[in-house]
Amino acid sequence: MGEKKKKVVLSGMRPTGPLHLGHLAGALRNWLKFQEQYKCYYSIVTWHALSSEYQNSKVIKDHTFEVAVDWLSTGLDPKKSVLFIQSDIKEHAELHLLLSMVIPLPWLQRVPTFKEMQRELPDKDLNTYGFLGYPVLQTADILIYKADAVPVGEDQAFHLEFAREVTRRFNRLFGNIFPEPQTFLTEVPKLAGTDGRKMSKSYGNAILLKDSPEVIRQKISTMMTDVRRKRRTDPGVPEDCPVFTLHKAFVATKQREELAQGCRTAGIGCLECKNVVIESLINLLTPYREKRDKFEKKPQLVWEILEEGNDKARLVAQKTMEEVRSAIGL
Ligand code: TRP
Ligand code: SF4
């Protein structure tokens with residue numbers, strides 16, 4: 033007694049396949065820090081993946097495995113954090129349904145991601161009931177563990193505001209059941225991919241956490257640089273260089289500033305500059321790859337870890353749902 037209860041943190045990641053540097057710099061690095069401090073729930077949000085991948089649903093399971101292996105090999109630790117699969121906790125679906133009863137339709141119609149995603153992914157029919165409910169499901173994920181805080185990038189800020197509004201409305205209608213989840217806005221560095229566009233799985237330009245040193249070397253050495261540096265003697269602007277977005281996330285400040293200076297004065301060549309970030313990435317990723325080998329050889333172990341996480345999550349979710357049903361009067 034007397035000991036302060038640890039804050040509950042929850043976040044989720046859609047299983048879209050093997051993770052890349054963007055996931056590491058934008059989410060995982062923060063998640064790793066949080067698990068030392070808070071009671072963390074990290075979910076592989078399979079139903080969110082399904083809301084846009086329903087025409088290719090069979091890949092979700094393999095992608096779930098890939099994400100789990102990436103999580104475990106970068107150090108998310110099932111002894112510290114609850115690592116679980118959203119669709120194995122059916123209570124999320126029940127809460128999603130109950131929340132949907134009280135969410136005014138205009139709240140959903142003004143969620144910007146609904147229209148944005150349809151524009152970005154024109155070959156997918158996202159004009160569905162399930163996809164409209166995406167932020168409702170996200171709210172259920174958060175509330176069911178009574179999360180105090182949710183680490184997300186700027187792109188999810190609106191969904192979090194939505195969740196907070198829903199929380200207030202639900203509490204007003206049925207009694208104070210849920211803490212209003214705080215947003216832990218995490219800085220998501222904008223990483224460029226090998227073609228200079230934003231690093232993204234859908235562009236096929238990503239550097240994966242599981243890439244071998246050879247692949248990393250190959251991908252970065254052929255990567256676009258600032259167009260001003262046509263010749264070795266042309267000075268460049270690091271801020272306009274796709275490769276330098278990687279330096280910003282993965283090379284120590286002092287060394288990075290020296291390289292930037294070298295670039296601006298044509299004191300160094302691009303190859304030399306690239307080699308620095310290549311080496312840092314290889315150093316960073318090698319220990320992950322060693323852990324990964326173990327998990328890839330024992331897929332059963334990975335599924336068992338997720339099952340254990342599921343069991344822990346389910347207990348909490350069931351307890352919350354008992355409270356919720358009784359507050360509503362069901
Ligand atoms: N929508 C989030 C994303 O695309 C994923 C997500 C689902 C999530 N449920 C969540 C994030 C709950 C935080 C909390 O990144
Ligand atoms: Fe980019 Fe480095 Fe070449 Fe400058 S020197 S253009 S920062 S790769």
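Its first residue numbered 33, the sequence shown is counted upward by one per residue in the numbering used here.
Glycine included, C-beta positions come from ideal geometry on N, C-alpha and C.
Computed from a predicted model, the values in this text were never measured in an experiment.
Fill in: Other residues of its chain near Lys37: CB distance less than 6 Å, five sequence neighbours each side excluded
none
Fill in: Cβ distance (whole Å) where Pro213 is taken to contact Ala181 below 8 Å
6 Å
Discussion item. Less than 7 Å separating the Cβ of Pro270 from some heavy atom of the ligand SF4?
Written reply: yes
Worksheet item: Can we say the segment 307-325 touches the segment 239-249, given the rule of at least three CB pairs closer than 8 Å?
Response: yes
Discussion item. Just list the residues that DSSP pairs Gln118 with in beta bridges.
Written reply: BP columns for Gln118 are empty, so no partner.
Discussion item. Please state the DSSP three-state secondary structure of Gln214.
Written reply: strand
Worksheet item: Who are the Cβ neighbours of Ser132 in its own chain at under 8 Å, not counting the five residues just before and after it?
Response: Gly165, Val168
Worksheet entry | CA-to-CA distance, Asp155 to Leu82, given in whole angstroms | 15 Å
Practice prompt. Quickly, what does DSSP pair Met45 with across the bridge? List them, please.
Written response: Ile76
Discussion item. What would DSSP say about Val182, mapped onto helix, strand or coil?
Written reply: strand
Discussion item. Cutting at 8 Å between CB atoms, please list the residues of its own chain near Gln287, excluding the five before and the five after it.
Written reply: Val308
Worksheet item: Who does Ala224 pair with in a DSSP beta bridge?
Response: Lys230
Worksheet item: Any idea if Pro183 is buried or exposed, counting beta-carbon neighbours within 10 angstroms, 16 or more meaning buried?
Response: buried
Worksheet item: What residues in its chain sit with their C-beta under 7 Å from that of His52, if we drop five residues either side in the sequence?
Response: Met231, Lys233, Ala238, Ile239, Leu240, Leu241
Worksheet item: Is it right to say Asn342 is buried, meaning 16 or more other beta carbons lie within 10 angstroms of its own, or is it exposed?
Response: buried
Worksheet item: Within 7 Å: the Cβ of Phe276 and any heavy atom of the ligand SF4?
Response: yes
Fill in: Leu317, DSSP secondary structure in three states
helix
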